[in-house]
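Quick note on our numbering: the sequence shown kicks off at 30 and runs consecutively.
One structure below.
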Amino acid sequence: MDSPVFPDVESSNSDNSNNNAAAANSNNYAGAASSSSSGSTLSRYENQKRRDWNTFGQYLKNHRPPLSLSRCSGAHVLEFLRYLDQFGKTKVHTPICPFYGHPNPPAPCPCPLRQAWGSLDALIGRLRAAYEENGGKPETNPFGARAVRLYLRDVRDLQSKARGISYEKKKRKRHVQQPSSAAVPPPPQHPPEG
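What follows is the structure, encoded as structure tokens:
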């Protein structure tokens with residue numbers, strides 16, 4: 030595909046503004062203006078969501094044949110994610126690599142660089158929200174397609190094994206109320222043994 034280079038997903042948390050022409054040439058982002066009060070600056074998340082949305086819009090324009098958002102499916106989202114892999118910075122070892130499953134390999138290897146699972150997962154979350162903020166219906170959201178969820182799960186599992194890193198879901202901390210001292214009976218007193 031002869032599309033321009035898109036901004037790095039993995040470095041997307043920086044506020045570096047040296048993105049490509051995708052942000053400059055893209056559609057207006059209606060959700061950004063409506064989600065913040067007038068005169069205030071957008072949050073880092075909102076800025077990144079806008080850049081991601083613009084990048085995906087540019088990808089659709091450069092697609093051969095060009096694709097409208099209304100005709101975009103989960104398959105096109107997968108194609109976009111696979112395309113972004115070439116800009117990844119995360120070493121993902123192949124099963125034949127001697128460092129397969131090692132979180133900190135002691136030497137370099139020729140294994141490919143990919144987008145990290147966490148970066149792709151966060152990207153899809155932002156694009157899913159941006160789609161709906163820009164008038165898309167939740168039931169037609171291509172970023173929420175089953176194929177996209179399965180792809181992300183496969184990427185997570187493959188990278189977990191290849192990199193020797195567990196991607197366990199973070200457990201929610203339950204808010205446990207401390208009982209007041211008046212409500213708690215004192216511990217039973219045992220006579221000293223003697």
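From the three backbone atoms N, C-alpha and C, an ideal C-beta is built for every residue, glycine too.
query                                                                                                                                                         : result
What residue range is occupied by the uninterrupted alpha helix (DSSP H) comprising Ala-136?                                                                  : Per DSSP, Ala-136 belongs to no alpha helix (DSSP H) and is neither H nor E.
Alpha carbon to alpha carbon, how far is Asn-163 from Ser-72?                                                                                                 : 18 Å
Kindly indicate which residue of Glu-168, Ala-176, Pro-167 has the alpha-carbon position closest to the one of Glu-108.                                       : Ala-176
Starting from Asp-183, trace the alpha helix (DSSP H) in both directions and tell me its first and last residue.                                              : 175-192
For Arg-93, which three-state DSSP category applies?                                                                                                          : coil
If I measure Cβ to Cβ from Arg-143 and keep anything under 7 Å in the same chain, skipping five residues before and after, which residues do I get?           : Asp-114, Gly-117, Thr-119, Val-121
In this structure, how does DSSP classify Thr-84 when only helix, strand and coil are distinguished?                                                          : helix
Check each candidate in Leu-110, Tyr-88, Ala-145, Val-106 and name the one with the smallest Cα separation from Leu-187.                                      : Ala-145
Under the three-state reduction of DSSP, which class applies to Leu-142: helix, strand or coil?                                                               : strand
Considering just the uninterrupted stretch of the alpha helix (DSSP H) at Gly-109, what are its terminal residues?                                            : Note that residue 109 corresponds to Phe in the displayed sequence, not to Gly. That run of the alpha helix (DSSP H) goes 103-113.
Take the Cβ of Ile-153 as the centre, count every other Cβ of all protein chains shown within 10 Å, and call the residue buried at 16 or more, exposed below. : buried
Report yes if the CB atom of Lys-78 is closer than 8 Å to the CB atom of Ala-158, and no otherwise.                                                           : yes
Just checking my contact of Pro-171 with Gly-103 at CB under 8 Å: how many whole Å lie between their CB atoms?                                                : 5 Å
Where DSSP assigns a beta bridge to Thr-123, which residues make up the other side?                                                                           : The partner list for Thr-123 (beta bridge, DSSP) is empty, contrary to what the question assumes.
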